[in-house]
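Let me begin by presenting the structure, written as structure tokens, before commenting on it.
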Amino acid sequence: MLIENASNILKKISHAAMRAGRSPDEVKLIAVTKTVGIETIKEAIDAGLRVFGENRVQEAQKKISDLKFEISNSNIEWHLIGHLQKNKAKYAVQLFDLIHTVDSVELAEELNKQAGKIGKIQRVLVQVKLSEEETKHGISKDELTLLLEGINKLKNLKVEGLMTMPPFFEDPEKARPYFKRLREIRDNINSSRITHYALRELSMGMSNDFEVAIEEGATMVRIGTAIFGERK
Ligand SMILES: *Cc1c(COP(=O)(O)O)cnc(C)c1O
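The C-terminal residue of the sequence shown carries number 226 in our numbering, and the numbering is unbroken.
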């Protein structure tokens, strides 16, 4: 079941990339394991998946340490895809290879401080909010330049790109303008040289709309339900 779902998704990722004239290697599949137990995560590892996304620090902490105990596979990556509170930054830098959800200078500074303490360069993405929904986190497009300039000064953070989460639409085509918008914002940042180096990553697209996101330039898709089934 899981293995079929995973290979099905990988096929769709390849096709979507090729439709857009891109190489399938440019798109990384992040298997979203929130609420998924470690037995199932082990199955996913057996099925060849290597990059996992969690949205809560505490939940991830338990799973990551339980799994470390059982498997020695060091090429597994853990990504934080959910909102991060400043008081959890210390744990987040210990656990995650990439944090997708930096959305304030205060959080960036705290992550920088905590990463410094353990001698790590923490890779991060900045979460951009492109809709007016109250419930969504992320920084507005207008504040983005200031945040990136702030992060530039932080020696222990490396910003690699942008992440967004459009409103949910039944019809994935309706999400397309949001994905296109995020790509344009990234390209503008790169051409105006706001950061020290070009931003590459665009973390966008979930189970319902990842193919559209890839057509619009996604380099990371975050997929839970389509791999693991409906969450309980
Ligand atoms: C849960 C979650 C996903 C995965 O959603 P699915 O619809 O199950 O694929 C992706 N991104 C974030 C930020 C999430 O919280």
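Positions of the beta carbon are idealized from the N, C-alpha and C atoms, including for glycine.
In the structure shown, residue 43 falls within a coil segment according to DSSP collapsed to helix, strand and coil. Distances from the CA of residue 191 to each of 142, 38, 17, 217 were compared; the closest alpha carbon is that of 142.
For ligand 1, no non-hydrogen atom lies closer than 8 Å to the CB of residue 125.
The Cβ atoms of residue 220 and residue 198 do not sit closer than 9 Å to each other. When the alpha-carbon of residue 159 is set against those of 207, 14, 189, 8, the nearest one is in 207. With a threshold of 8 Å, the Cβ atom of residue 75 counts as near ligand 1, since some heavy atom of the ligand is closer than that. When the Cα atoms are used, residue 5 and residue 204 turn out to be separated by approximately 12 Å. The DSSP-derived three-state label of residue 192 is coil. At least one heavy atom of ligand 1 is found less than 8 Å from the C-beta of residue 220. Residue 79 sits in coil when the DSSP states are folded into three classes, being neither helix nor strand. For the pair of segments examined, the stretch 169 to 179 was found to touch the stretch 121 to 135: the number of CB pairs separated by less than 8 Å reaches three.
Classified as buried, residue 57 has 16 or more neighbouring CB atoms from the shown chains inside 10 Å of its CB. Taking a contact to require three or more Cβ pairs closer than 8 Å, the stretch 43 to 51 and the stretch 72 to 80 qualify as touching. Between residue 23 and residue 222, the beta carbon gap of about 13 Å keeps them out of contact (Cβ cut-off 8 Å). In the structure shown, residue 157 falls within a strand segment according to DSSP collapsed to helix, strand and coil. Taking one beta carbon from each stretch, the stretch 153 to 169 and the stretch 103 to 112 have fewer than 3 pairs nearer than 8 Å; the two do not touch.
Given a length threshold of 4 residues, each whole run of the alpha helix (DSSP H) inside the stretch 87 to 151 is given here in chain order: 99 to 111, 135 to 146. Look at residue 225 here: in three-state DSSP terms it is coil, with no helix or strand label. At a threshold of 8 Å, residue 2 does not count as near ligand 1, since its beta carbon sits no closer than that to any of the ligand's heavy atoms. Excluding five sequence positions before and after residue 210, the CB atoms of its chain that fall closer than 7 Å to its own CB belong to 170, 173, 174, 177, given in chain order.
The nearest non-hydrogen atom of ligand 1 is 8 Å or more from the C-beta of residue 13. Ranked by Cα distance from residue 189, the first of 34, 201, 144, 20 is 144. Pairing residue 115 with residue 89 gives a Cβ-Cβ distance that is not under 9 Å. Secondary structure note for residue 215: its beta strand (DSSP E) is the uninterrupted segment 214 to 217.
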